Amino acid sequence: MPGSSESEEAIQSAIQVLLAWGEAVEVLKRFTVHEANAILSSVTVHANKSNTRLLIERKLPVNLKDVILLVAYKHHGMPDYLPRIMHMVVTDRNGAKSPTVSIQVTFVGTNSHAPTLKVSQQLAHFTENSAEAVNITNGFLSLTDPDHVFYPIQWARIILSCLQCGEERLFIKKSYDGINVSYFNFNGTYFLKGNASTEVYRDLLNNVSYLNWAKEPRRPLNRSVTFVVSDGVHTSTALAKIVITNVNDNPFILINGGEKAGKVSFEEGQDFVSLTNQVQIFDEDEGDFITKATVALDSKDLDSFLWYNATIFPSGLTAKYNGSRRTLTIEGKNTRNVYSRALVSVQFYNQLSSPALVPSHKRLVAMAVEDQEAVSDIVIIEVSPLFKVQQLVAHYYFNN
Ligand SMILES: [Ca+2]
Ligand SMILES: [Ca+2]
Ligand SMILES: [Ca+2]
517 MPGSSESEEA IQSAIQVLLA WGEAVEVLKR FTVHEANAIL SSVTVHANKS
567 NTRLLIERKL PVNLKDVILL VAYKHHGMPD YLPRIMHMVV TDRNGAKSPT
617 VSIQVTFVGT NSHAPTLKVS QQLAHFTENS AEAVNITNGF LSLTDPDHVF
667 YPIQWARIIL SCLQCGEERL FIKKSYDGIN VSYFNFNGTY FLKGNASTEV
717 YRDLLNNVSY LNWAKEPRRP LNRSVTFVVS DGVHTSTALA KIVITNVNDN
767 PFILINGGEK AGKVSFEEGQ DFVSLTNQVQ IFDEDEGDFI TKATVALDSK
817 DLDSFLWYNA TIFPSGLTAK YNGSRRTLTI EGKNTRNVYS RALVSVQFYN
867 QLSSPALVPS HKRLVAMAVE DQEAVSDIVI IEVSPLFKVQ QLVAHYYFNN
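For what it's worth, the working numbering labels the leading residue of the sequence shown as 517, then goes sequentially.
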């Protein structure tokens, strides 16, 4: 069939396509390299330097319009996806050209791809007591979806594996019109809802930060953050991790129902007096033990010493008094309650009927405790002697 033969000749010749827009050139090249499929595998594409002209050589009969539509559809970077006019000229092997034919290309898409969500660097660090929330992904979260222009991202969810939900939480300090953001403190979950591009969602998800204001972050000291996005049909998930560094908080002492200093008095010649009737020891780090307590006399106080009431001193601790340093040291790893009892048992001794001036009659006693890392502030207890009224003795000498 001559007509058919003429047609075959045209089909097997080089086909030159003049494109009215330049952007498709790079896309077409990229597409043929990376995403060759059944249609394009039979087509060879050359671009000229002006970037507005494509030379498509074909070996097998295919519908050229399909090729162009497919190429256009695959063009991820197209800014507006408005219809384009393409002008085509077909040249046979003798160089004879057809009249120019114009094709309007309308972009259509199918939501066939799941969004690709990735966190390439997964680890964020948070240090206890930091006032600043720490960014979780630091820009290392990426989100793409080849068909996002036709099928935008519809919602995202961010889930913190909080152990003290309420004392630790996520923040997003950024907003976009049209995206509704809500956070649920009780389970550490953000919900983002609203159609938007992958760029907008990527930006929001890269702005998620974590803050923990607990004095003792709950162990284990790591958390995970799960990101989920959906284009309405497909969802994708990525994970990031947070490692928390715990900081030791110093223990502290309150005596006699909440004071940071105390006063007791003793009658001279009384022998001894208890320094406190109540000691409370606190440590923000709930799990911390106390390892040591010291009670020290003023260095000038040479006529007093410290000891403890053995009947109420708790078992599990040891106490020894260093006379030259005038310090009672209580040791043993134990709870704050046990140390409280030990400190309540401490007694101040001064057996002189007329205590020396040091430099006044008042004596100072310093009390402190230590956890495994740090010493508390010192609590000072002022010990004042009460003078006994001296019996006035009159001596009469009678001379005969
Ligand atoms: Ca999609
Ligand atoms: Ca702490
Ligand atoms: Ca502590």
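Idealized CB from N, CA, C, for every residue including glycine. This one's a predicted model, so the numbers in the text were calculated from it and none came from an experiment.
**Study point:** Coarse secondary structure for ASN651, derived from DSSP in three states
**Key:** strand
Practice item. Return yes when at least one heavy atom of ligand 1 lies under 6 Å from the C-beta of ASN711, else no. Key: no
**Study point:** Element boundaries [beta strand (DSSP E), containing ALA835]
**Key:** 834-838
Exercise for review: Look at the Cβ atom of THR810, then the Cβ atom of THR845, and state whether they are nearer than 7 Å.
Suggested key: yes
Review point. Going by beta carbon distance, what residues of the same chain come within less than 6 Å of ILE897, once the five residues before and after it are set aside?
Key: GLY778, LEU791 and VAL881
Review point. When DSSP builds the beta bridges, which residues end up paired with PHE656?
Key: Bridge partners of PHE656: none, in fact.
Exercise for review: Pull up the CB-CB distance for GLU783 and LEU902, whole angstroms please, since I reckon it's below 8 Å.
Suggested key: 5 Å
Review point. Which first and last residues belong to the alpha helix (DSSP H) in which ASP719 is found?
Key: 714-721
Check your understanding: Helix, strand or coil for ARG857 per DSSP?
Key -> helix
Exercise for review: Can you have a look at PRO736 and say buried or exposed, based on whether 16 or more other CB atoms are within 10 angstroms of its CB?
Suggested key: exposed
Check your understanding: When you compare each of SER740, ASP801 and GLY774 to PRO767 by their alpha carbons, which one comes out closest?
Key -> ASP801
Review point. Can you list every residue whose CB sits closer than 5 Å to some heavy atom of ligand 1, going in chain order?
Key: ASN627, HIS629, ASP661, ASP663, TYR667 and ASP747
Check your understanding: Helix or strand or just coil, what does DSSP make of ARG673?
Key -> strand
Practice item. Determine the DSSP secondary structure at ARG685, reduced to helix, strand or coil. Key: strand
Practice item. Drop a sphere of 10 angstroms on the beta-carbon of ALA712, count the other beta-carbons inside from all chains shown, and report buried for 16 or more, exposed for fewer. Key: buried
Practice item. Decide if GLU648 is buried, meaning its Cβ has at least 16 other Cβ atoms within 10 Å, or exposed. Key: exposed
Exercise for review: Taking only heavy atoms of ligand 3 into account, decide whether any of them is closer than 6 Å to the Cβ of ASN764.
Suggested key: yes
Review point. Is ASP799 near ligand 3, judged by its Cβ being under 6 Å from some heavy atom?
Key: yes
Review point. In terms of residues, what are the limits of the beta strand (DSSP E) holding VAL885?
Key: 879-886
**Study point:** Same chain, Cβ closer than 8 Å to PHE829, neighbours up to 5 away in sequence not counted
**Key:** ALA835, ARG857, ALA858 and SER861
Practice item. Rank TYR824, LYS709, THR751 and ALA730 by C-alpha distance to the C-alpha of ASP693 and give the top, closest one. Key: LYS709
Point to revise | Distance, ARG842 Cα to LYS776 Cα | key: 22 Å
Review point. Cβ of GLU732 within 6 Å of any heavy atom in ligand 2?
Key: yes
Review point. Is there at least one non-hydrogen atom of ligand 2 closer than 6 Å to the beta-carbon of GLU644?
Key: yes
Practice item. Use the C-beta contact count for SER752: other C-beta atoms within 10 angstroms, 16 or more gives buried, fewer gives exposed. Key: buried
Review point. If you run the structure through DSSP and keep just helix, strand and coil, what is ARG852?
Key: helix
Exercise for review: Pull up the distance between the alpha-carbon of VAL854 and that of GLY839, whole angstroms please.
Suggested key: 25 Å
Review point. Is it true that the CB of TYR865 sits closer than 7 Å to the CB of PHE798?
Key: no
Practice item. Compare the Cα-Cα distances from GLY704 to each of LYS731, PHE743 and LEU720 and report the closest residue. Key: PHE743
**Study point:** Element boundaries [beta strand (DSSP E), containing ASP787]
**Key:** 787-790
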